[in-house]
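Trainee: Dropping the structure in here first, questions after.
In this note's numbering, the protein residues as written are 45 to 1297.
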């Protein structure tokens, strides 16, 4: 905060100092010290007057308007009155001989109250000069008092009494307190009744410790508030806000209490501003600030946020301390008196005066100082000292102007410094001024004077030096004006905006509005103009095309509009009031045409006045004479977005799209593009693409949709890229954004209106398409009518569908297919509308089978069965026709159609009707066609008496219900076996079991059920039955089937010898399935004869090992079995046993025993002999026999035949040597009867070499 001036103790002649600011205006301050004089200074510290007194000043006060200063002094009974308008002093005789001790002007009128040391009161009406003396108002000295807004006067005296009087001096109320009174104020304490708005409370400091709140309307509700002892004495207090009191204490504490009903006396804020002492506090309601002084410093708080320190003013030279302190009513100046007798005045709030030209700013930085700067271009600030405290400022390209009233001072802003040019007087008080490079335009008394700033009159150009608008008196009143580089623009009370072209020195354009134009704001180029009319509505005017656009959501409190000065953001402007700045954007080229949109709002800090907008940054002037920059909330994308969250990025994307920041900027990429890359979401790219379409940025939209691989949209945009017709292009883009009504309007306004019809046809908006076709393509009405009729039919509007089908018929053979479709529609709609005869005739004549079916279905739904069946029959839909004929009981027709009917349902219905008529043979045939086999079986059994046919049908169809019927039939006949068979077939196993048990047919039942899908319970029941009958084999068999292996084995082992072989086989299967070791051991014991002493054939043991997959044991057993079979001469059986075992071991990849392989080779050789002999291959036969003969011991029962065959085959093969060897070796074995023959043969055998063998 700047110090405006200081009055030292020498000029005031010492302490203590009293001072009073002029009320309302604050232009003067009255100061008095230890001398007998009151000095009056202006706000710059210049002494205006000095009033000499007879003694020291006791009290002084300004009236409510600040016109008159009243002063009382010691040793004087008169009152001094100084008139601020005339600068004259007068004296008023009170008529009292008492020494005066108190003086105070009324808050609302010209009443002056004076109290004396003896308690008398004198009331003076300065307007009427009426004097009212009141004697004995108090018994002692009147020390304090206050006026209410209702002109009630409250006084406090040394007699400790508070009196409340009216403006006539009559006492209304009074109250006695215990201690002395000081600092009395009238205010309003909040109560439950919020409707009370009068000042109902008198507050007064009692004994310097407490604050007494006296309720004038209800004295019994008065409150005496005490405070903490360590706060010290109450120094002073002030009411503020909605019933709050700020109190300063001597120990440096500042406390805020509430007087609200529910929190009366509660401390809402407390701080110790000063360590040693506090001497005074002051509050400025207009500035919304509070100040406390003490400890040689002043601390200032913001009332909206008391915890934060707004400013600190240090007065280190004032070592004796500070005294009283006071603000002017407007909060611009703060005066502080000191204990050593000096007075300091500080500038706390400047008049917010400023102006801009392009990016240059001029603003008031002190009462007599203006600063000019260009923050965008980086120019150093230039300070200009002015001669008067200005009320207006204007800046141009090369000049600065300041002024007040009807005078203005002009300064030249050069590179070398600031130079005063001249001062000018105008014909009236200047309202506003605007400058450009050469001219100044001044508004006063409804006129504008345009004149050159620096006169350089050339020959013949005198008339271009100055001009007054309007040219004639009383033509109109000018309410606002501005200057651009080329134009003077002004608005009038008649609502006309005039453009005056300075170059040609004539008016070139005007726009007539409906009401007065109050403010105008051109953009930097002057090509667009925002203005506010008398209704506080905002508009945007484009003089080039003479078009006005209303600014949407325009608050009525707007004070000013600023245009964006950044060249890349043309069309952006802000409108601001005291609280917010609203960002608007003018979009020139959109599919909806030019328009203005609201992009968002930004909160403006308190006491900030925006002056300049550049690239989203708002430069504001503050009350402290400084400038501060704030960023618009709509320009958040200007910050680094890399670390932003997804939700923040989506908000930023919305901002960039509204501001049309999707166009490639100077950096090569758009902000919107970068945000979409960071989001990497298809929805974000689609939003960007839609915005590009809206703003008709086809190239950029193509790039966006190509990025997200939207092939369809890219191809569509490529097709329209070369269109030059603006409306046609906008229509296509509107269609792409699904705004079809707008697209139609644009198409119709374009050079290709038929595109609107084509669009509506593609969208199937047939009603709109028909309306368009009447004007654009009448030949298409028939085709559109048909399509519209189809849609109406689908929605159920059959009346209009019929009408459009009829309109759709062209009667032209060229469009036969189309006409047939329309005729089909006429037929269907006629039927639906009740014109059945017409519809049926149309359908019969129509060649389409499908139409007949559809019409038949409609008639069927309408219960017109005869006509429906007729159409079905005509359409060769015999199943449907027969079904409908059945519904209308036309059995004759049904019978005619049956050969063509394939639907079982129809045959079933026909069969039922024939059965009801007793025509069973025909019914059977129909039931067979319907595949209703149960009914076929029933009729064969119940009506035709042909059980053979019934049984045949049951066996063919496997009908369960039919089987039950046949079973019941045989049961009635007493054929229990057949009955059981068919019960099992019908899955009635329990009934079949019971029947078999009753009639001793269990073996039959068991045989039957063994071939069916049967449950374990059924098998168990049979097994238990056979168990009870001691039929062990059957019991074991069924216990095996139900999985009870132990019981099955038990019964198999109990079988008699007649069943022994089969039973043992079943026992082996049982053990193999059970895979139980105990059961296996039990069976092995049985086979070995452990149980009955009779070992069983080894083949069973072999089969057991095979069933148990114990292949090695099985192999050993197989060798034993094969040896026994071989000894018995059963060589084939022995071979089969060994071969099967050999194959199984190979499959299981188990090593083959050598004995098994040798035996199998010898047996196999023996078997191959017959094959080779039959084939005549005696050499191979001889070789096989030689191999067998070499192991002849393994064929003991056939030694002679084998050797004989060997000799014969060798003879046939010519093997003499082997014949001789065999003869000598086995001669004893030959039978005598064969010896001669053998010898004879051997003698003639030729020698065959061993190699041949």
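Where is the CB? At the ideal position from N, CA and C, for every residue including glycine.
Check whether the region 1172-1183 and the region 1196-1207 are in contact - that is, three or more C-beta pairs closer than 8 Å.
Mentor: Taking one beta carbon from each stretch, the region 1172-1183 and the region 1196-1207 have 3 or more pairs nearer than 8 Å; the two touch.
Trainee: Classify residue 589 as helix, strand or coil using the three-state DSSP reduction.
Mentor: To locate residue 589, count along the chain shown from 1; it is residue 545. In the structure shown, residue 589 sits in coil (DSSP, three-state: anything other than H, G, I, E or B).
Trainee: Suppose contacts are defined by Cβ-Cβ distances below 9 Å. Is residue 611 in contact with residue 392 by that definition?
Mentor: Translated into the one-based positions of the chain shown, residue 611 becomes position 567. Translated into the one-based positions of the chain shown, residue 392 becomes position 348. In this structure, residue 392 does not lie closer than 9 Å to residue 611 by Cβ.
Trainee: What does the alpha-carbon distance come out to for the pair residue 115 and residue 249?
Mentor: Position 71 of the chain shown holds residue 115. Position 205 of the chain shown holds residue 249. Cα to Cα, residue 115 sits roughly 25 Å from residue 249.
Trainee: By the 10 Å Cβ neighbour count, where 16 or more other Cβ atoms means buried, how is residue 317 classified, buried or exposed?
Mentor: Stepping through the chain shown from its first residue, residue 317 is reached at position 273. The residue is buried, with at least 16 neighbouring Cβ atoms inside 10 Å.
Trainee: Taking the alpha-carbon positions, what's the residue 337 to residue 373 distance?
Mentor: As a position in the chain shown, residue 337 is number 293, starting the count at 1. As a position in the chain shown, residue 373 is number 329, starting the count at 1. C-alpha separation (whole angstroms): 19 Å.
Trainee: Pick from 358, 276, 339 and 334: whose alpha carbon is nearest that of residue 351?
Mentor: For the purposes of this step, residue 351 is taken as the residue at position 307 of the chain shown. The shortest Cα separation from residue 351 among 358, 276, 339 and 334 belongs to 334.
Trainee: Enumerated in chain order, which unbroken segments of the beta strand (DSSP E) with a length of 3 residues or greater are wholly contained in the region 135-176?
Mentor: 144-149, 155-160 and 165-169
Trainee: Which of helix, strand or coil does DSSP assign to residue 692?
Mentor: Along the chain shown, one-based indexing puts residue 692 at 648. Residue 692 falls in the helix class under three-state DSSP.
Trainee: For residue 659, which residues in the same chain have their Cβ closer than 6 Å to its Cβ, ignoring the five residues on either side in sequence?
Mentor: Translated into positions along the chain shown, residue 659 becomes position 615. Excluding residues within five positions, the ones whose Cβ falls inside 6 Å are 610.
Trainee: What are the boundary residues of the alpha helix (DSSP H) that residue 751 is part of?
Mentor: The residue labelled residue 751 in the question sits at position 707 within the chain shown. Where residue 751 is concerned, the enclosing alpha helix (DSSP H) stretches over 742-751.
Trainee: State the Cα-Cα distance for the pair residue 713 and residue 640, rounded to the nearest angstrom.
Mentor: Position 669 of the chain shown holds residue 713. Position 596 of the chain shown holds residue 640. A caution first: residue 713 carries a pLDDT of 38, below 50, which makes its placement in the model unreliable, though a value can still be read off. Each residue's alpha carbon lies about 25 Å from the other.
Trainee: Given a cut-off of 9 Å on the beta-carbon distance, is the pair residue 657 and residue 629 in contact?
Mentor: Taking the chain shown and counting its residues from 1, one reaches residue 657 at position 613. Taking the chain shown and counting its residues from 1, one reaches residue 629 at position 585. Judged by beta-carbon spacing, residue 629 lies beyond the 9 Å limit of residue 657, meaning their Cβ atoms are not closer than that value.
Trainee: Here's the rule I'm using: 16 or more other beta-carbon atoms within 10 Å means buried, otherwise exposed. How should residue 837 be labelled?
Mentor: On the chain shown, position 793 is the one that residue 837 refers to. When all chains shown are included, residue 837 counts as buried.
Trainee: Should residue 262 be labelled buried (16 or more other beta-carbon atoms within 10 Å of its own) or exposed?
Mentor: The residue you call residue 262 lines up with position 218 of the chain shown. It is exposed - the Cβ of residue 262 has fewer than 16 other Cβ atoms within 10 Å.
Trainee: Determine whether the Cβ of residue 814 lies closer than 9 Å to any Cβ atom of chain B.
Mentor: Here chain B cannot be found, since the structure has a single protein chain.
Trainee: Please confirm whether residue 492 and residue 532 have their CB atoms less than 9 Å apart.
Mentor: Within the chain shown, numbered from 1, the residue matching residue 492 stands at position 448. Within the chain shown, numbered from 1, the residue matching residue 532 stands at position 488. Result yes, Cβ atoms of residue 492 and residue 532 sit closer than 9 Å.
Trainee: CA-CA distance, residue 386 and residue 559?
Mentor: Here residue 386 is taken as the residue at index 342 of the chain shown, counted from 1. Here residue 559 is taken as the residue at index 515 of the chain shown, counted from 1. Distance between the alpha carbons of residue 386 and residue 559: 56 Å.
Trainee: First and last residue of the alpha helix (DSSP H) that includes residue 223?
Mentor: Translated into positions along the chain shown, residue 223 becomes position 179. In this chain, residue 223 is not harboured by any alpha helix (DSSP H), its DSSP state being neither H nor E.
Trainee: For residue 88, which residues in the same chain have their Cβ closer than 8 Å to its Cβ, ignoring the five residues on either side in sequence?
Mentor: Counting from one through the chain shown, the residue named residue 88 turns up at place 44. Here the set comprises 48, 49, 411, 412 and 433.
Trainee: Given a cut-off of 9 Å on the beta-carbon distance, is the pair residue 178 and residue 209 in contact?
Mentor: Here residue 178 is taken as the residue at index 134 of the chain shown, counted from 1. Here residue 209 is taken as the residue at index 165 of the chain shown, counted from 1. Contact flag set, yes.
Trainee: Going straight from the alpha carbon of residue 595 to that of residue 844, what length do you get?
Mentor: Against the chain shown, residue 595 aligns to sequence position 551. Against the chain shown, residue 844 aligns to sequence position 800. Those two C-alpha atoms are separated by around 45 Å.
Trainee: Work out the CA separation of residue 1099 and residue 1091 for me, nearest whole Å.
Mentor: Translated into positions along the chain shown, residue 1091 becomes position 1047. Translated into positions along the chain shown, residue 1099 becomes position 1055. Whole-angstrom Cα-Cα distance: 13 Å.
Trainee: Among the candidates 690, 192, 195 and 220, whose CA atom is the shortest distance from the CA of residue 202?
Mentor: Here the question's residue 202 lines up with position 158 in the chain shown. When C-alpha distances from residue 202 are compared across 690, 192, 195 and 220, the shortest belongs to 220.
Trainee: Out of curiosity, what's the CA-to-CA distance linking residue 64 and residue 120?
Mentor: The sequence position of residue 64 within the chain shown is 20, counting from 1. The sequence position of residue 120 within the chain shown is 76, counting from 1. Residue 64 and residue 120: Cα-Cα distance of roughly 21 Å.
Trainee: Leaving aside the five residues before and after residue 52 along the sequence, list all residues of the same chain whose C-beta is less than 7 Å from its C-beta, in chain order.
Mentor: For the purposes of this step, residue 52 is identified with residue 8 of the chain shown, where counting begins at 1. Taking residue 52 as the centre and dropping the five residues before and after it, the same chain places the C-beta of 386 closer than 7 Å to its C-beta, in chain order.
Trainee: On the three-state DSSP scale, how would you describe residue 1279?
Mentor: Position 1235 of the chain shown, counted from the first residue, corresponds to residue 1279. With a pLDDT of 43 at residue 1279, under the threshold of 50, the modelled position of this residue cannot be trusted, and the question is left open.
Trainee: Using a threshold of 9 Å, state whether the C-beta atoms of residue 733 and residue 635 are closer than that.
Mentor: Taking the first residue of the chain shown as 1, we reach residue 733 at position 689. Taking the first residue of the chain shown as 1, we reach residue 635 at position 591. No, the Cβ-Cβ distance between residue 733 and residue 635 is not below 9 Å.
Trainee: Considering only the beta carbon of each residue, do residue 901 and residue 914 sit closer than 9 Å?
Mentor: Here residue 901 is taken as the residue at index 857 of the chain shown, counted from 1. Here residue 914 is taken as the residue at index 870 of the chain shown, counted from 1. Not a contact, by the Cβ cut-off of 9 Å.
Trainee: Can you look up residue 562 in the DSSP assignment and give me helix, strand or coil?
Mentor: Within the chain shown, residue 562 is the residue found at index 518, counting from 1. Here residue 562 sits in strand by DSSP.
Trainee: By the 10 Å Cβ neighbour count, where 16 or more other Cβ atoms means buried, how is residue 1222 classified, buried or exposed?
Mentor: As a position in the chain shown, residue 1222 is number 1178, starting the count at 1. By the neighbour-count rule (16 or more Cβ atoms within 10 Å), residue 1222 is buried.
Trainee: How many Å lie between residue 681 and residue 398 at the Cα?
Mentor: For the purposes of this step, residue 681 is taken as the residue at position 637 of the chain shown. For the purposes of this step, residue 398 is taken as the residue at position 354 of the chain shown. For residue 681 and residue 398, the gap between their C-alpha atoms comes out near 29 Å.
Trainee: Within 10 Å of its beta-carbon, does residue 444 have 16 or more other beta-carbons around it, so buried, or fewer, so exposed?
Mentor: Locating residue 444 in the chain shown gives position 400, counting from the first residue. Classification for residue 444: buried.
Trainee: Could you tell me the distance, in whole angstroms, from the CA atom of residue 1214 to the CA atom of residue 1230?
Mentor: Here residue 1214 refers to the residue found at position 1170 of the chain shown. Here residue 1230 refers to the residue found at position 1186 of the chain shown. Their backbone Cα atoms lie some 14 Å apart in a straight line.
Trainee: For the region 375-383 and the region 420-432, state whether three or more C-beta atom pairs, one from each stretch, are separated by less than 8 Å.
Mentor: no
Trainee: Span of the beta strand (DSSP E) holding residue 92?
Mentor: Walking along the chain shown from the start, residue 92 turns up at place 48. That run of the beta strand (DSSP E) goes 91-96.
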